[in-house]
Amino acid sequence: MRVLVVEDEPRLAENIALALREGPGYAVDVSLDGEDALLLCTTVAFDLIVLDLMLPRVDGRDVLRKIRAQHSQTPVLILTAISEKQSIIDLLNLGADDYMTKPFDLGELIARARALVRRGTGVRQTYLTVGDVTLNLVEQSVRVGQLPVDLSPTEYRILEYLMHHPRRIVSRQNLLEHLYDFTWEHHSNVIEAHVSNLRRKLRAATGSAVIENLRGRGYRLSAGDEVSA
Amino acid sequence: MKTRSIVRDATAMVLAVELVCGIVLCGTAILHERHARYHELEEMVRGSADSLVGAVQDAEDPGDHVTVNPEEFQPRRGDLYTAYTPDHKLISASSDAARALTPQPHDGFSKLRVNGHTYRVYQREALRIIDRYETGGTGLRRPFTVVYAMPMDHIWDEILEATQFYVLLSAALLALTAVLMIALLRWLLRPLNELAASASLIEERSLHFAPPASSLRIRELRPVSDAIAQSMTRLQHAFALQRRFVSDAAHELKTAVAVVRSSVQVLTLRARSAEQYQAGLDRILADNTRVEELVARMLTLARYEEAPAEPGSTCRLDEQVQMAVSALQNIASLRAVALRAQCETERPARLSAEAAQTLLSNLITNAIEHSPSGSEVVVRIAQTDTGHITLEVRDAGSGIAPENLPHVFERFFREDPSRSRQTGGAGLGLAIAKSIVENAGGTISIQSQPGSGTHVTVTLPAA
Numbered sequence: 001m002r003v004l005v006v007e008d009e010p011r012l013a014e015n016i017a018l019a020l021r022e023g024p025g026y027a028v029d030v031s032l033d034g035e036d037a038l039l040l041c042t043t044v045a046f047d048l049i050v051l052d053l054m055l056p057r058v059d060g061r062d063v064l065r066k067i068r069a070q071h072s073q074t075p076v077l078i079l080t081a082i083s084e085k086q087s088i089i090d091l092l093n094l095g096a097d098d099y100m101t102k103p104f105d106l107g108e109l110i111a112r113a114r115a116l117v118r119r120g121t122g123v124r125q126t127y128l129t130v131g132d133v134t135l136n137l138v139e140q141s142v143r144v145g146q147l148p149v150d151l152s153p154t155e156y157r158i159l160e161y162l163m164h165h166p167r168r169i170v171s172r173q174n175l176l177e178h179l180y181d182f183t184w185e186h187h188s189n190v191i192e193a194h195v196s197n198l199r200r201k202l203r204a205a206t207g208s209a210v211i212e213n214l215r216g217r218g219y220r221l222s223a224g225d226e227v228s229a
Numbered sequence: 230m231k232t233r234s235i236v237r238d239a240t241a242m243v244l245a246v247e248l249v250c251g252i253v254l255c256g257t258a259i260l261h262e263r264h265a266r267y268h269e270l271e272e273m274v275r276g277s278a279d280s281l282v283g284a285v286q287d288a289e290d291p292g293d294h295v296t297v298n299p300e301e302f303q304p305r306r307g308d309l310y311t312a313y314t315p316d317h318k319l320i321s322a323s324s325d326a327a328r329a330l331t332p333q334p335h336d337g338f339s340k341l342r343v344n345g346h347t348y349r350v351y352q353r354e355a356l357r358i359i360d361r362y363e364t365g366g367t368g369l370r371r372p373f374t375v376v377y378a379m380p381m382d383h384i385w386d387e388i389l390e391a392t393q394f395y396v397l398l399s400a401a402l403l404a405l406t407a408v409l410m411i412a413l414l415r416w417l418l419r420p421l422n423e424l425a426a427s428a429s430l431i432e433e434r435s436l437h438f439a440p441p442a443s444s445l446r447i448r449e450l451r452p453v454s455d456a457i458a459q460s461m462t463r464l465q466h467a468f469a470l471q472r473r474f475v476s477d478a479a480h481e482l483k484t485a486v487a488v489v490r491s492s493v494q495v496l497t498l499r500a501r502s503a504e505q506y507q508a509g510l511d512r513i514l515a516d517n518t519r520v521e522e523l524v525a526r527m528l529t530l531a532r533y534e535e536a537p538a539e540p541g542s543t544c545r546l547d548e549q550v551q552m553a554v555s556a557l558q559n560i561a562s563l564r565a566v567a568l569r570a571q572c573e574t575e576r577p578a579r580l581s582a583e584a585a586q587t588l589l590s591n592l593i594t595n596a597i598e599h600s601p602s603g604s605e606v607v608v609r610i611a612q613t614d615t616g617h618i619t620l621e622v623r624d625a626g627s628g629i630a631p632e633n634l635p636h637v638f639e640r641f642f643r644e645d646p647s648r649s650r651q652t653g654g655a656g657l658g659l660a661i662a663k664s665i666v667e668n669a670g671g672t673i674s675i676q677s678q679p680g681s682g683t684h685v686t687v688t689l690p691a692a
């Protein structure tokens, strides 16, 4: 899952990015102003945008308005110093999905970010199930039946992304975009290695190919036809 | 303070004017009436005197005593008359009382008091021809003087009676005017009350003023409602600025606090090594130092904006410049910027030493931060012909974009936010400088060319 943090205070942006990377294991990009944020939004399909309101160059409100004008479905979490009712109502009416007032609790920010990412793909529960495989979004753990499957963080993130988009072909490019931010050195075969490890572990646990490898097109999660999200 | 009322004052003024008019009217009426009555009386006196002359001429008494035949002439009641020969011998009189009517030195009208009454007196000469038969028709010429008097005590009563009408009419008009004036003025001033009512509806929260239609239609009230509307616009502007400052300040403070809090929480997300904790604590300390600096700068700004300058405090700017330059020399050399002072006057400025240090360190730090390495920052003070001291801080830095130039003195304005945040700037330096300079009765201006540097000019009154 890839998140954009738009915050003009570099230290705060740094801390939020660190928390989202270390907590739910998201790939996080940071923008220090609205203009840069809008530019990033046109090139990357983020799974969540954490947006400060008072931004240089382009105000947070305008960033939100423009993102929504482009028919983007990305959930937006607003960070604001203003706790006025009317301001919050206006923001929600502009298309914001949630808001937090500064100074906020980082744990709460992580929880809300998780919830927004979940709901962004239409998931209400805090776990995802495909066939025998169950992924707990809070514990960040994977079980097949009752047995836990030990995955590396990257393997977990790949599985999480695939389980958010079951039965859809997810290209390698797509995986790269949603799992790594711009601070990451791109080595496409690295992700292939992670996917192949993940496939091996899941096959061992379930006895069937949970992840299909469609040559030249990408990967698809399939557990027969009994797919539920 | 004694309050005045337009209704009362205007009514009093109109009544006073009307009273004067009434007095003039009554006075004129009295004078006119008096003149007419006098004239009438004089005509009567003259007529009666002429009749008397005729009666005397017709009297047949040849001697020195003439008896006026009552059929020929009957004086009015109260009238007196006498007739004299030229040598002042009384030849006839209406009664005993009339003997007081002695011939006057001149003919014509005069006034006389007899027995406690005032009389209008007319005197004329006449000629009487007697013994016409004896002298064969020519007769003897006997001149005589007639003095006729008519009482005039009643005239004043008549005059007053005749003018009483005017006096009463004036008094009635006065009363009517008073009542009408109060009612009309109240009606006329109703738009003023409506204006006051709408002005009283202005609230601190909305500061909205809707002038009533009645006040817009009245030429005299238009300036008042316009002035209120304009004041409200100015107040709205001032309040908006104030609200923006509060909201900006809240944002800055909350962000600064959020930084510290998030730094602490990031450390607790998972178990870390002792080195990681140490590094994290150092970052927290640094973040906290920035909160302290932000608060200190906001307090500095508040102090210079609210408190008026201490009267009479002065300092020598050349000394202050030397102090500031030597204090900032280290930072300048760290960035490989040459810092040079150029003091051309020793005249003290009307500014406290503390304020001067804050001002100088703000301006010079700004200049150093925006200077590329190897460039020079020049601080120059000089004296003008107009009794002012100019302070110039010039750098050869990146300059300020023209669209940002009008905003640089605004609080929390940062031209390049990410950069100045990293250098610890809160966007308050120039706002503080501006309030110090304006507090001291000076001016501050900034010229900048992107790419070739910025030039801040401060003008301070010399002590």
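Protein chains in written order, with our numbering: chain A, 1 to 229; chain B, 230 to 692.
Positions of the beta carbon are idealized from the N, C-alpha and C atoms, including for glycine.
Give the DSSP-derived three-state secondary structure of residue i in the structure shown.
{"i": "Glu387/B", "result": "helix"}
{"i": "Ser435/B", "result": "coil"}
{"i": "Glu9/A", "result": "coil"}
{"i": "Asn344/B", "result": "coil"}
{"i": "Ala298/B", "result": "Looking at the sequence itself, residue 298/B is Asn, so the reference to Ala does not match. In the structure shown, Asn298/B sits in coil (DSSP, three-state: anything other than H, G, I, E or B)."}
{"i": "Gln73/A", "result": "coil"}
{"i": "Gly693/B", "result": "With chain B running from 230 to 692 in the structure shown, residue 693/B is simply not present."}
{"i": "Ile695/B", "result": "Not covered by the structure: residue 695/B. The range shown for chain B is 230 to 692."}
{"i": "Ile457/B", "result": "helix"}
{"i": "Arg172/A", "result": "helix"}
{"i": "Asp225/A", "result": "Residue placement at Asp225/A is poorly supported in this model, since its pLDDT is 46, which falls under 50; the coordinates still yield a value, given next. Here Asp225/A sits in coil by DSSP."}
{"i": "Gly682/B", "result": "strand"}
{"i": "Tyr313/B", "result": "strand"}
{"i": "Ser339/B", "result": "strand"}
{"i": "Gly670/B", "result": "coil"}
{"i": "Gly264/A", "result": "A query on residue 264/A cannot be resolved here, the shown segment of chain A reaching from 1 to 229 and no further."}
{"i": "Val210/A", "result": "coil"}
{"i": "Phe373/B", "result": "strand"}
{"i": "Met527/B", "result": "helix"}
{"i": "Ser677/B", "result": "strand"}
{"i": "Arg199/A", "result": "helix"}
Can you round the beta-carbon distance between residue i and residue j to whole angstroms, since I take them to be within the 8 Å contact cut?
{"i": "Met527/B", "j": "Leu659/B", "result": "At roughly 14 Å, the Cβ-Cβ gap does not stay under 8 Å, so Met527/B and Leu659/B are not in contact."}
{"i": "Gly95/A", "j": "Ile78/A", "result": "About 10 Å; that fails the 8 Å criterion."}
{"i": "Leu162/A", "j": "Tyr127/A", "result": "No, Leu162/A and Tyr127/A are not in contact; Cβ-Cβ is about 15 Å, not under 8 Å."}
{"i": "Ser674/B", "j": "Thr686/B", "result": "5 Å"}
{"i": "Ile110/A", "j": "Gly25/A", "result": "Wrong, their Cβ atoms sit about 11 Å apart, outside the cutoff."}
{"i": "Phe373/B", "j": "Glu271/B", "result": "About 21 Å separates the two Cβ atoms, so there is no contact after all."}
{"i": "Thr331/B", "j": "Ala322/B", "result": "11 Å between Cβ atoms; not a contact."}
Thinking just about the alpha-carbon of each residue, which of the options is nearest to the one in residue i?
{"i": "Leu403/B", "options": "Ser581/B, His599/B, Ala241/B, Ala596/B", "result": "Ala241/B"}
{"i": "Ala327/B", "options": "Ile597/B, Asp308/B, His317/B, Gly345/B", "result": "Asp308/B"}
{"i": "Thr587/B", "options": "Gln549/B, Glu423/B, Glu535/B", "result": "Gln549/B"}
{"i": "Val343/B", "options": "Phe373/B, Met381/B, Ile513/B, Thr367/B", "result": "Met381/B"}
{"i": "His317/B", "options": "Gly283/B, Val282/B, Val376/B, Ala239/B", "result": "Val376/B"}
{"i": "Ala456/B", "options": "Leu470/B, Val622/B, Pro440/B", "result": "Pro440/B"}
{"i": "Pro75/A", "options": "Thr154/A, Asp29/A, Ala45/A, Glu7/A", "result": "Ala45/A"}
{"i": "Val566/B", "options": "Cys572/B, Gln558/B, Ser627/B", "result": "Gln558/B"}
{"i": "Ala400/B", "options": "Ala584/B, Glu449/B, Arg237/B, Cys255/B", "result": "Cys255/B"}
{"i": "Gln678/B", "options": "Pro577/B, Arg640/B, Arg623/B", "result": "Arg623/B"}
{"i": "Leu620/B", "options": "Glu481/B, Ala458/B, Asp547/B", "result": "Asp547/B"}
{"i": "Trp416/B", "options": "Ser600/B, Val350/B, Val236/B, Ala662/B", "result": "Val236/B"}
{"i": "Phe642/B", "options": "Ala391/B, Leu414/B, Arg473/B", "result": "Arg473/B"}
{"i": "Pro103/A", "options": "Leu530/B, Ala669/B, Val493/B", "result": "Val493/B"}
{"i": "Asp36/A", "options": "Val210/A, Ala13/A, Arg11/A, Val63/A", "result": "Val63/A"}
- Message: Please identify, using Cβ separations under 7 Å, the residues of the region 64-84 of chain A that lie next to chain B, in order along the chain.
- Response: Here the close residues are Ala81, Ile82.
- Message: Please list, in chain order, the residues of the region 471-486 of chain B that have any C-beta partner in chain A closer than 9 Å.
- Response: Result list: Ser476, Asp477, Ala479, His480, Glu481, Leu482, Lys483, Thr484, Ala485, Val486.
- Check distances from the C-beta atoms of the region 491-514 of chain B to those of chain A and list, in chain order, the residues that come in under 9 Å. If you check each beta-carbon in the region 491-514 of chain B against every beta-carbon of chain A, the ones closer than 9 Å belong to Ser491, Ser492, Val493, Gln494, Val495, Thr497, Leu498, Arg499, Arg512.
- Task: Taking only beta carbons into account, state which residues of the region 13-32 of chain A come closer than 7 Å to chain B, listed in chain order.
- Result: Answer set for the region 13-32 of chain A: Asn15, Ile16, Leu18, Ala19, Glu22, Gly23, Leu32.
- Query: Got a sec: which bits of the region 96-112 of chain A sit with their beta carbon under 9 Å from any beta carbon on chain B, in order along the chain?
  - Reply: Legend: CB atoms of the region 96-112 of chain A lying less than 9 Å from CB atoms of chain B belong to residues Thr101, Lys102, Pro103, Phe104, Asp105, Leu106, Gly107, Leu109, Ile110.
- Task: Run through the region 122-188 of chain A for me and flag every whole alpha helix (DSSP H) of 4 or more residues, listed as ranges in chain order.
- Result: Runs of the alpha helix (DSSP H) inside the region 122-188 of chain A: 153-164, 172-179.
- Task: Could you list the residues in the region 514-537 of chain B with a C-beta less than 9 Å from some C-beta on chain A, going in chain order?
- Result: Residues of the region 514-537 of chain B with a Cβ closer than 9 Å to any Cβ of chain A, in chain order: Ala515, Asp516, Arg519.
- Query: In chain order, what residues of the region 607-637 of chain B put their CB closer than 8 Å to some CB of chain A?
  - Reply: For the region 607-637 of chain B, which is checked against every Cβ of chain A, not one residue is closer than 8 Å.
- Query: Which parts of the region 554-598 of chain B are runs of the alpha helix (DSSP H), unbroken and 4 residues or longer, counting only runs that do not cross its ends?
  - Reply: With a minimum length of 4 residues, the continuous alpha helix (DSSP H) runs that stay inside the region 554-598 of chain B are 582-598.
- Message: Counting only Cβ-Cβ distances shorter than 7 Å, please list the residues of the region 48-61 of chain A near chain E, keeping chain order.
- Response: Protein chains in the displayed structure are A and B, and chain E is not among them.
- What are the start and end residues of each continuous alpha helix (DSSP H) run of 4 or more residues lying completely inside the region 19-47 of chain A, in chain order? For the region 19-47 of chain A, whole alpha helix (DSSP H) runs of length 4 or above, ordered along the chain, are 34-43.
- Task: Would you list, in sequence order, the uninterrupted beta strand (DSSP E) runs of no fewer than 3 residues that lie entirely inside the region 80-120 of chain A?
- Result: Counting whole runs of 3 or more residues, the region 80-120 of chain A contains the beta strand (DSSP E) stretches 98-101.
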